[in-house]
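Peer 1: So that we are looking at the same thing, I have put the structure below in structure tokens.
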Amino acid sequence: MQRLRIVLNGTVQGVGFRPFVYRTAKDLGLSGFILNDTSGVTIEVEGAREKIDFFLKRLHTEKPPLAHIFYEETEFLEPAGYDEFSIRESESSGTPEVLILPDISTCADCERELLDPSDRRYLYPFINCTNCGPRFTIIERLPYDRPNTTMKEFLMCPECKREYTTPEDRRFHAQPNACPICGPEVFLTDPEGKSLGRGNDAIKGVVSLLLEGGIIGLKGIGGFHLICNALDDGAVNTLRRRKRRSLKPFAVMFRGISELAEYTLPTVLEESILLSPARPIVLVKRKGSLLESSAPGLERIGAFLPYSPLHLLLLSETSFPLVATSGNLSDEPIVKDNDEALERLRGLADAFIMHNRPIRRRCDDSVVKVVAGLPQIIRRSRGYVPLPLRLPFRLKRKVLALGGHEKNTVSIGMDDRIIPSQHIGDMETPESMENLEAIVNDLCSLYSFEPEVVVHDLHPRYPTARWAFKNFPHKAVGLQHHHAHILSCMAEHGLSGNVTGIAWDGTGYGEDGTLWGGEFLNSRLDGFERLFHFRHIILIGGERAVREPRRVALSILFDLFGENIPDSMNHITNEFNDTELAILYRAYTDRINSPPSSSAGRLFDAVSSITGLLQVCDYEAQAAMMLEDRYDPSVSDHYDYSVEGGVIDWRPLFHGIIEEVHRERIPSRFINTLAVIAADIAGRCGNERACLSGGVFQNDPLTERTVAELVKKGFRVFTHRNIPSNDGGISIGQAVYGGMIDI
Ligand code: ZN
Ligand code: ZN
Ligand code: FE
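Our numbering puts the sequence shown at residues 459 to 1201.
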């Protein structure tokens, strides 16, 4: 007779782990208990040694699909003489270390019951079980138990209670467990909030409004979507007008893989990501001109599958896919509360389908793209957050990292892990800064976290940096943007020592006060040297040049030819009248509101303007996306470039583009040139490992070619998979830095 204590840390709460342990112990005739606590799960089993061995084996081989054990501690103790095996009540003392699970899409069992007329939850939009349902968006505090969730106000009926308390049941301790008798309900309202129907009538009402071309505000898991019939161009264009988004792509929700395959060409890998429990938006190729109004001028569309029972019910009633874009005004956080929707989405939606289960924290849809043959998370939010990133080393202190300015996230770092927040977005409005503050406070209280250092971007005018100076004047530490990118890639792959960091993006504040963005760094966890960068482009008019590729092209033409720009470039000079051209030239030569930048992203802008693809952007990275779509893998040659000192000169590259006879090959040859530059320059940097980071590496052909060129030269190459290569990853790199520097 022996007693073994097992302490586990990982995703072990809210995934059916306790009933699994209970059943296994009973089955083996072991006594003891299991207890959820703030640090995970504690199990004690008592019995014959042989049976304890079997128990340990089954613990690892038969555990529920969503349970992941990251840490395990075992210890033999004096037998205590337990009579039976029991599930003990949670203790809530101590520092919370437990992993909170992300929201998980409706599982196959629940989906079957939802559509089964004999099931008591037939057509019930809040069906869930221990294998699925909301988690992160309903938790108020740890441990994860019903009274600590937004389900606390719903008292379970006797039947739900029975399921909840029966260890053999699929809903044993499923915290959001509910049914039509005792749980939340959906209702349809007009724009003023007046009720137009409840339950199934509400869903039928939404379907008929969608058929008439209506736009509906739909309350989901992490906030509101605005939805409309994706096949109705009139409705999609109305939505564009109301959201003031003339061309930026909208995501589309399909009933299932077969409907999705009618409109798009998903690969096997893309299908598996679409069907994964996180149910992210996945960028897939459209079939011909189908769904053109949802992604104007682009080859790929953001596609996703229903992830809540309400989505499933709605799509089972419609014969068309739905545009589903986040319910917000541009640059503001996604709307999550009913009253907030009526106020802030007024004028955007013709009706609202809402429910009375509160959303505790907003969480946008995640976005994944297959880049260089592997999934890359472009926006890491619902379905992934708040799972931590594990490090193979320990941080020296607790860090709060505030990220950058665009597509922002914040992160907290402690011990051997970093917990990145959900997507916060661009920090352009006071509302987005308020949202960031709320998310920082939420993370700190959820994890009982008090930062010892607060890392911000070096840019002195970023609101996040100012917030750090104001709130943490003695703990604030600045970090250069591109080194943060490379550190996020190192963290993702658990690297330490020196690497060659290739950080290419739109912009970031450099240590010399200029705008960087085409950088080769010698990076290590606590510092870096800038080794090479692209020749400066003069951004005529600053921010305006970022929105107008024609200004970037003009600047490059001024650099190449002075005022005597060749006639073959008239399509660019004709974008401006003579007076404007004179003023712009003056601004260029005298650097009037025209900062220099080494950005690689701007090279894409210039090329798209010179090839006549795009003169003025409607959304960020549009030029790069259009060039990506025009890449032809059968083109293998490239343009020239030169290197002098630490500067990579693109003038030969642009001479080549301007003189190109095969115009259609320009995008491919341009991208190939960048890949060749990456490998050539990395060869001069002196490390055998190269990390690729920055938004430019969301580009599939560029990343594919760059990796291939580097591998050919014998490099070990690391690219982003689970952490965004765009500025959504900045806070992760900052957290590593804050945790590793000597202070
Ligand atoms: Zn389920
Ligand atoms: Zn019930
Ligand atoms: Fe960046």
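Ideal placement from N, C-alpha and C gives every residue a C-beta, glycine not left out. Quantities reported herein were computed from a predicted structural model and do not represent experimental measurements.
So, does the segment 957-966 touch the segment 1012-1030, judging by three or more C-beta pairs under 8 Å?
Peer 2: Verdict: no, contact absent.
Peer 1: Got a sec, what are the start and stop residues for the alpha helix (DSSP H) residue 1197 sits in?
Peer 2: Residue numbering aside, residue 1197 sits at position 739 when the sequence shown is read from its first letter. Taken as a continuous stretch (DSSP letters only), the alpha helix (DSSP H) holding residue 1197 covers 1188-1198.
Peer 1: Below 8 Å on the Cβ atoms is my guess for residue 1197 versus residue 853; work out the distance and round it to an integer in Å.
Peer 2: Position 739 of the sequence shown, counted from the first residue, corresponds to residue 1197. Position 395 of the sequence shown, counted from the first residue, corresponds to residue 853. The pair is a contact, with the Cβ atoms about 3 Å apart (cut-off 8 Å).
Peer 1: Report back the beta-carbon spacing between residue 884 and residue 914 to the nearest angstrom; my notes put them in contact at under 8 Å.
Peer 2: To locate residue 884, count along the sequence shown from 1; it is residue 426. To locate residue 914, count along the sequence shown from 1; it is residue 456. The Cβ separation is near 16 Å, so there is no contact.
Peer 1: From the beta carbon of residue 785, is the nearest beta carbon of chain B less than 9 Å away?
Peer 2: This model lacks chain B altogether; it includes just one protein chain.
Peer 1: Use the C-beta contact count for residue 677: other C-beta atoms within 10 angstroms, 16 or more gives buried, fewer gives exposed.
Peer 2: By 1-based counting over the sequence shown, the position of residue 677 is 219. That one is buried.
Peer 1: Given 8 Å as the limit, tell me if residue 586 has its C-beta closer than that to any heavy atom belonging to ligand 1.
Peer 2: Residue numbering aside, residue 586 sits at position 128 when the sequence shown is read from its first letter. Yes, Cβ of residue 586 sits closer than 8 Å to a heavy atom of ligand 1.
Peer 1: Assess, as a yes-or-no matter, whether the segment 695-703 is touched by the segment 723-731 under the definition of 3 or more beta carbon pairs within less than 8 Å.
Peer 2: In short, these stretches do not touch, since the Cβ pair count stays below three.
Peer 1: Using a Cβ-Cβ cutoff of less than 7 Å, which residues in the same chain neighbour residue 717 once the five nearest sequence positions on both sides are dropped?
Peer 2: Within the sequence shown, numbered from 1, the residue matching residue 717 stands at position 259. Only 779 meet the Cβ criterion.
Peer 1: Have a look at 1057, 661, 688 and flag the residue whose alpha-carbon is nearest the alpha-carbon of residue 750.
Peer 2: Numbered from 1 along the sequence shown, position 292 holds the residue referred to as residue 750. Per the Cα distances, 688.
Peer 1: Using a Cβ-Cβ cutoff of less than 6 Å, which residues in the same chain neighbour residue 540 once the five nearest sequence positions on both sides are dropped?
Peer 2: As a first step, residue 540 is located in the sequence shown; it is residue number 82 there, counting from the start. Counting only Cβ-Cβ distances below 6 Å, and skipping sequence neighbours, we find 489, 490, 504.
Peer 1: What number of angstroms, rounded off, separates the C-alpha of residue 822 from the C-alpha of residue 880?
Peer 2: To locate residue 822, count along the sequence shown from 1; it is residue 364. To locate residue 880, count along the sequence shown from 1; it is residue 422. Roughly 7 Å between the two C-alpha positions.
Peer 1: Shorter than 8 Å, the distance from the beta carbon of residue 565 to the closest heavy atom of ligand 1, or not?
Peer 2: Position 107 of the sequence shown, counted from the start, is the residue given in the question as residue 565. Residue 565 Cβ: within cutoff of ligand 1.
Peer 1: Compute the minimum distance between the beta carbon of residue 568 and the heavy atoms of ligand 1, and state whether it is under 8 Å.
Peer 2: Here residue 568 corresponds to residue number 110 of the sequence shown, with the count starting at 1. Flag set: Cβ of residue 568 near ligand 1.
Peer 1: Assess contact between the segment 734-747 and the segment 823-830, defined as three or more Cβ pairs (one per stretch) separated by less than 8 Å. Is contact present?
Peer 2: Yes, the segment 734-747 is in contact with the segment 823-830.
Peer 1: Would the beta-carbon of residue 958 fall within 9 Å of that of residue 1155?
Peer 2: By 1-based counting over the sequence shown, the position of residue 958 is 500. By 1-based counting over the sequence shown, the position of residue 1155 is 697. No, the Cβ-Cβ distance between residue 958 and residue 1155 is not below 9 Å.
Peer 1: What first and last residue would you give for the alpha helix (DSSP H) that runs through residue 480?
Peer 2: Here residue 480 is taken as the residue at index 22 of the sequence shown, counted from 1. Its alpha helix (DSSP H) spans residues 475-486.
Peer 1: Just the residues with CB closer than 5 Å to a heavy atom of ligand 2, in chain order, which are they?
Peer 2: Result (chain order): 615, 618, 637, 639, 640.
Peer 1: Mind reading off the beta-carbon distance from residue 785 to residue 675? Whole number of angstroms is fine, and I expect it under 8 Å.
Peer 2: Your numbering for residue 785 matches position 327 in the sequence shown. Your numbering for residue 675 matches position 217 in the sequence shown. Correct: roughly 6 Å between the Cβ atoms.
Peer 1: Closest to residue 775 by CA distance: which of 651, 664, 1012 is it?
Peer 2: As a first step, residue 775 must be located in the sequence shown, where it is residue number 317. For residue 775, the nearest C-alpha among the options comes from 664.
Peer 1: Please find out if some non-hydrogen atom of ligand 3 comes closer than 8 Å to the beta-carbon of residue 881.
Peer 2: In the sequence shown, counting from the first residue as 1, residue 881 sits at position 423. No - ligand 3 has no heavy atom lying nearer than 8 Å to the Cβ of residue 881.
Peer 1: Less than 8 Å separating the Cβ of residue 1184 from some heavy atom of ligand 3?
Peer 2: Here residue 1184 refers to the residue found at position 726 when the sequence shown is read from its first residue. Result yes, Cβ under 8 Å from ligand 3.
Peer 1: Compute the distance between the beta-carbons of residue 1056 and residue 1007, then report whether it is under 9 Å.
Peer 2: Numbered from 1 along the sequence shown, position 598 holds the residue referred to as residue 1056. Numbered from 1 along the sequence shown, position 549 holds the residue referred to as residue 1007. No.
Peer 1: Do residue 574 and residue 589 have their CB atoms nearer than 9 Å?
Peer 2: As a first step, residue 574 must be located in the sequence shown, where it is residue number 116. As a first step, residue 589 must be located in the sequence shown, where it is residue number 131. No, the Cβ-Cβ distance between residue 574 and residue 589 is not below 9 Å.
Peer 1: Does the distance from the C-beta atom of residue 1169 to that of residue 1142 stay below 9 Å?
Peer 2: For the purposes of this step, residue 1169 is taken as residue 711 along the sequence shown, with counting starting at 1. For the purposes of this step, residue 1142 is taken as residue 684 along the sequence shown, with counting starting at 1. Not in contact: residue 1169 and residue 1142 (Cβ atoms no closer than 9 Å).
Peer 1: For the alpha helix (DSSP H) containing residue 962, list its first residue and its last residue.
Peer 2: As a first step, residue 962 must be located in the sequence shown, where it is residue number 504. Per DSSP, residue 962 belongs to no alpha helix (DSSP H); it is in the beta strand (DSSP E), 957-967.
Peer 1: In three-state terms, what does DSSP make of residue 1075?
Peer 2: If you number the sequence shown from 1, residue 1075 lands on position 617. Residue 1075: coil per DSSP, three-state reduction.
Peer 1: Rounding to the nearest angstrom, what Cα-Cα distance links residue 517 and residue 920 in this structure?
Peer 2: Locating residue 517 in the sequence shown gives position 59, where the first residue counts as 1. Locating residue 920 in the sequence shown gives position 462, where the first residue counts as 1. Cα-Cα distance, rounded: 49 Å.
Peer 1: Thinking residue 946 and residue 1188 are a contact (beta carbons under 8 Å), I'd like their distance in whole angstroms, please.
Peer 2: Your numbering for residue 946 matches position 488 in the sequence shown. Your numbering for residue 1188 matches position 730 in the sequence shown. The Cβ separation is near 7 Å, so the contact holds.
Peer 1: Can you find the residues in the same chain that come closer than 6 Å, C-beta to C-beta, to residue 1065, ignoring five residues on each side of it along the sequence?
Peer 2: Counting from 1 along the sequence shown, the entry for residue 1065 is found at position 607. Around residue 1065: 1128.
Peer 1: Return helix, strand or coil for residue 1148, following the three-state DSSP convention.
Peer 2: Taking the sequence shown and counting its residues from 1, the one referred to as residue 1148 is at position 690. Strand at residue 1148.
Peer 1: Assign residue 928 to buried or exposed, taking buried as 16 or more other Cβ atoms, counted over all protein chains shown, within 10 Å of its Cβ.
Peer 2: Indexing the sequence shown from 1 puts residue 928 at position 470. Per the 10 Å Cβ criterion, exposed.
Peer 1: With respect to the beta strand (DSSP E) encompassing residue 645, which residues constitute its N-terminal and C-terminal limits?
Peer 2: As a first step, residue 645 is located in the sequence shown; it is residue number 187 there, counting from the start. That run of the beta strand (DSSP E) goes 644-647.
Peer 1: Can residue 1181 be considered in contact with ligand 3, in the sense that its beta carbon sits closer than 8 Å to one or more heavy atoms?
Peer 2: Along the sequence shown, one-based indexing puts residue 1181 at 723. Not under cutoff, so the answer is no.
Peer 1: As a quick exercise: from 906, 892, 890, pick the residue whose alpha carbon is nearest that of residue 871.
Peer 2: Numbered from its first residue, the sequence shown carries residue 871 at position 413. Measuring from the Cα of residue 871, the nearest candidate turns out to be 906.
Peer 1: Between the segment 794-814 and the segment 1148-1168, can you find at least three pairs of beta-carbon atoms closer than 8 Å?
Peer 2: Verdict: no, contact absent.
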